[in-house]
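Written below as structure tokens is the structure these notes are about.
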Amino acid sequence: MSQPKKITLKEAGALVHDGDQITFSGFTIWRRPVALCYELIRQGKKDLHLFEVQGGYHSDLLIGAGCVKIWEGAWMGQEMLGKIGENLARKQIAGEILVDDYSHGHTAGRLMAGALGLPFFPCALAMGTDIFNPEYDQLAKAGLRDGKHPKIPAQKYVMAADPFFGRSECILLPAVNPDVALVYAPLVGDEGTVRVLSQSYNDAEVIKASKTVIVICEEIVPDSYLRADPTANLASGYEIDYIVECPWAAHPTGSQFYYDADATFLKEYNRNVRSQESFDAFAQEWIFGVDCHEEYLEKLGVGRLEELRASQVMGYSTHLKRGKR
Amino acid sequence: MADSIEYCKIGEFKPMDLLAAAAAREVCDGDVVFAGTGLPMLAIALAQKEQAPSAVCIYEAGSIDGRPLDIPTSVGDARCAYQASKASGLFEAFYGQLHAGYVDLGFLGGAEIDKYGNVNCTVIGDYNHPIKRFTGSGGNSDICSFAKRTVFIMVQEKRRFKEHVDYITSPGWRIKKWPSGEWASKQEVYGSYFKGGVSAVITDMAVFRFDDTGEMYLDTVHPGFTVQDVIDNVGFTLNVSRVSGTTLPPTKKQIELLYHTIDPEGIFLP
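For the protein sequence lines, the chains are A and B, in the order given.
Heads up, the first sequence is in the numbering used here, so the first residue is 1 and it goes up one at a time.
Heads up, the second sequence is in the numbering used here, so the first residue is 1 and it goes up one at a time.
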């Protein structure tokens with residue numbers, strides 16, 4: 001049993017290698033390891049294979065910056081703040097990225113099998129859809145299902161009979177075991193115990209399925225504080241390899257009880273990155289144009305961050321203007 | 001109390017208000033509802049304050065039976081988990097609830113639909129060379145495949161109501177049996193896993209339902225529109241032989257609830 005090592009954002013970025021299969025914590029615009037994704041872009045990563053239950057700002061960024069060769073997932077966008085993932089859409093239309101679509105049930109199941117050390121996951125969700133149309137299996141068409149690519153299963157799925165109770169055929173989906181998990185969590189203990197403060201999404205499976213686990217957190221606290229209420233914790237220290245302490249690391253995505261999602265920032269992003277040139281200008285301003293995370297926060301400004309700050313009672317900002325009234 | 005119901009007249013409500021009211025009417029008391037972001041949130045909140053006080057709402061990010069004080073803008077929002085019985089994750093939502101068979105009603109959106117209720121929210125054009133990319137399935141196809149009833153809320157346009165959708169993201173009543181690709185009924189493809197399927201489509205013009213063969217028919221037309229208006233905005237031959245009348249407009253009480261209690265900040269409502 002070993003405890004995770006405390007490292008810097010730059011050191012964490014260097015743990016991801018070109019061509020790695022990576023995955024992320026969070027859900028759409030919540031608890032994404034954004035500061036670490038900015039760092040991957042600054043370090044110029046290439047040919048990454050993203051497997052994610054669903055995408056969001058953090059992965060649309062990596063795709064826009066040309067870091068990604070393969071995207072496997074169920075969904076990409078910013079929810080109500082920008083309907084689609086502009087960079088994934090542009091690159092898929094241009095044929096510059098291999099895309100393999102699933103449903104949420106499928107990606108959640110594949111990750112759970114990986115987390116449990118099982119070879120595949122059975123389910124009957126979304127049968128009869130084009131998700132299973134062999135003509136749309138882009139990884140097969142690119143010749144990658146030849147057994148020579150350890151992160152790419154030999155088949156997208158198989159239909160299987162129920163050998164025990166004689167129920168109808170269901171789908172077997174291959175497990176996924178990414179090289180690196182990039183996880184954001186609000187609280188990590190000094191011995192590595194991890195706690196999240198609201199819905200758990202797929203975060204526990206993301207951690208357990210992946211070979212190397214980096215957790216970037218709001219604050220490192222004494223493990224004894226988290227161990228006083230063990231039912232509230234998500235993961236144990238020995239499941240984690242590295243910890244980075246980095247306040248506001250999820251911005252512009254939200255972190256319950258710390259800060260709300262930055263709706264204005266996300267809306268502007270989606271409006272402003274519809275061409276490669278405009279994405280590049282955005283990246284220049286917000287990623288390459290700032291030397292470190294502290295400079296990024298200074299650029300955002302105290303007023304903006306204060307507006308996003310969550311109520312410690314409600315878990316979200318109660319003074320943020322969200323609607324038209 | 002029935003005599004105290006006061007319906008709005010044309011001009012006293014906006015299209016969005018009628019959509020929310022019509023969608024809310026699809027919720028039965030006691031339903032376990034699996035809903036997406038936006039209009040479905042208004043509909044379930046409205047239903048819970050009227051005819052379905054014991055309806056339960058599940059959001060896919062993992063909040064089970066939340067009782068939000070402030071309307072969420074995202075299904076992953078802390079607002080969804082306020083006073084929830086459980087704040088879990090996607091595995092619980094999709095397997096512990098949906099695959100396990102607890103979900104009565106799904107509320108979803110889509111970009112395209114065909115007459116069998118197959119819905120596309122992935123791409124326009126050939127998947128390998130698309131001309132437009134949407135979000136992709138997310139939970140859309142899961143919910144539509146396993147909820148006992150699913151209601152789609154969509155925009156009424158000829159290019160969206162198509163003979164064949166460009167990509168079947170979510171299964172309607174006639175789907176393909178993979179890997180062979182032959183067409184079959186949903187009952188046949190799902191076999192012992194079959195729980196139900198698409199029950200209604202609500203648009204800014206009308207409400208559609210499905211007959212025993214799984215084919216869409218026009219049920220009611222919203223106030224201010226005609227059957228011909230609807231036919232003109234559907235890209236396949238629409239069955240209009242079973243039209244039951246005009247869609248009920250929202251009541252004055254529903255408008256009051258929507259604008260003052262459910263969405264006072266004007267997040268989804270105009």
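For glycine and all other residues, C-beta sits at the position ideal for the given N, C-alpha and C.
Since I believe residue j is in contact with residue i (beta carbons under 8 Å), could you give me their beta-carbon distance rounded to a whole number of angstroms?
i      : j      : result
A/V215 : A/L187 : Not really, about 10 Å apart at Cβ, beyond 8 Å.
A/V34  : A/A185 : So it is not a contact: roughly 13 Å between Cβ atoms.
A/T193 : A/G237 : 5 Å
A/Q43  : A/A14  : 7 Å
A/E191 : A/Q3   : 5 Å
B/G280 : A/S103 : No answer is possible for residue 280 of chain B: it lies beyond the span of chain B, which begins at 1 and ends at 270.
A/I347 : A/A235 : Here chain A has residues from 1 to 325 only, and residue 347 of chain A is not among them.
B/M333 : B/P270 : Summary: the structure shown does not reach residue 333 of chain B, with chain B confined to residues 1 through 270, and so no result is reported for it.
A/L297 : A/L305 : 7 Å
Is the Cβ-Cβ distance between residue i and residue j less than 8 Å?
i      : j      : result
B/V165 : B/E112 : yes
A/L125 : B/H99  : yes
B/P130 : A/P134 : no
B/K162 : B/F236 : yes
B/G30  : B/S4   : no
A/M314 : B/S74  : no
B/T135 : A/W30  : no
A/V176 : A/A204 : no
A/T23  : A/V244 : no
A/T253 : A/G64  : no
B/V353 : B/A147 : This structure leaves residue 353 of chain B out entirely; chain B is present only between 1 and 270.
B/V221 : B/V243 : yes
A/Q256 : B/G62  : no
B/G110 : B/V123 : no
A/L98  : A/K69  : yes
B/V198 : B/F152 : yes
A/S168 : B/G191 : yes
B/G36  : B/F107 : yes
A/Y316 : B/A78  : yes
B/C8   : B/K186 : no
Could you work out which residues of chain A lie near residue i, taking near to mean beta carbons separated by less than 8 Å?
i      : result
B/I150 : Note that residue 150 of chain B is Thr in the sequence shown here, rather than Ile. Neighbours of B/T150 on chain A: none; closest Cβ ~13 Å, over 8 Å.
B/W178 : M127, G128, F132, N133, P134 and M159
On the criterion of 16 or more Cβ atoms from any shown chain inside 10 Å, does residue i qualify as buried, or is it exposed?
i      : result
A/Y225 : exposed
B/L18  : buried
A/E219 : exposed
B/A84  : buried
A/H293 : buried
B/K115 : buried
B/G245 : exposed
A/F164 : exposed
A/D179 : buried
B/I10  : exposed
A/Q312 : exposed
B/M1   : Caution is warranted here: a pLDDT of 49 is assigned to B/M1, below 50, making its placement in the model unreliable, and no coordinate value can be reported.
A/E295 : exposed
A/F27  : buried
B/I231 : exposed
B/T247 : buried
A/E86  : buried
A/A228 : exposed
Report the neighbours of residue i on chain B: residues whose CB is nearer than 9 Å to its CB, in chain order.
i     : result
A/K83 : F134 and T135
A/F27 : E60, A61, G62, S74, V75, G76, G89 and L90
Going along chain A in order, which residues have a C-beta closer than 9 Å to the C-beta of residue i?
i      : result
B/T261 : Here the premise fails: no neighbours, minimum Cβ distance about 13 Å.
B/Y102 : Chain A residues near B/Y102: none, gap ~14 Å exceeds 9 Å.
Against residue i, what residues of chain B qualify as contacts under a CB-to-CB distance less than 8 Å, listed in chain order?
i      : result
A/R167 : G191, S192 and Y193
A/Y316 : D70, D77, A78 and R79
A/V215 : Within chain B, no residue comes near A/V215; the closest Cβ sits about 17 Å away, beyond 8 Å.
A/Y201 : A61, G62, G76, G89 and L90
A/W30  : A61, S74, G76 and D77
Please list, in chain order, the chain A residues whose beta carbon lies closer than 7 Å to that of residue i.
i      : result
B/D142 : S103, H104, G105, L125 and A126
B/Y167 : D130
B/T122 : D101
Kindly list, in the order they appear in chain B, the residues whose Cβ is closer than 7 Å to that of residue i.
i      : result
A/S198 : A78, A81 and A87
Checklist line | Minimum length 3: unbroken beta strand (DSSP E) runs contained in the stretch 66 to 121 of chain A | finding: For the stretch 66 to 121 of chain A, whole beta strand (DSSP E) runs of length 3 or above, ordered along the chain, are 68 to 73 and 98 to 101.
Please go through the stretch 155 to 207 of chain B and give each complete alpha helix (DSSP H) segment of 4 or more residues, from N-terminal end onward. Here the runs fully enclosed are 186 to 190.
- request: Taking only runs that begin and end inside the stretch 185 to 264 of chain A, name each unbroken beta strand (DSSP E) of 3 or more residues, in chain order.
  value: The qualifying runs are 212 to 221 and 242 to 245.
Practice problem: Could you pull out every unbroken beta strand (DSSP E) segment of at least 3 residues lying fully inside the stretch 128 to 189 of chain A, listed in chain order? | Solution: Runs found: 158 to 160, 170 to 174 and 180 to 189.
task: Would you mind listing the alpha helix (DSSP H) stretches within the stretch 230 to 256 of chain B that are 4+ residues and don't spill past its ends, in chain order?
output: With a minimum length of 4 residues, the continuous alpha helix (DSSP H) runs that stay inside the stretch 230 to 256 of chain B are 252 to 256.
Contained beta strand (DSSP E) runs [length at least 3] in the stretch 36 to 60 of chain B, N- to C-terminal order
The stretch 36 to 60 of chain B contains, as complete beta strand (DSSP E) runs of 3+ residues, the segments 56 to 59 (chain order).
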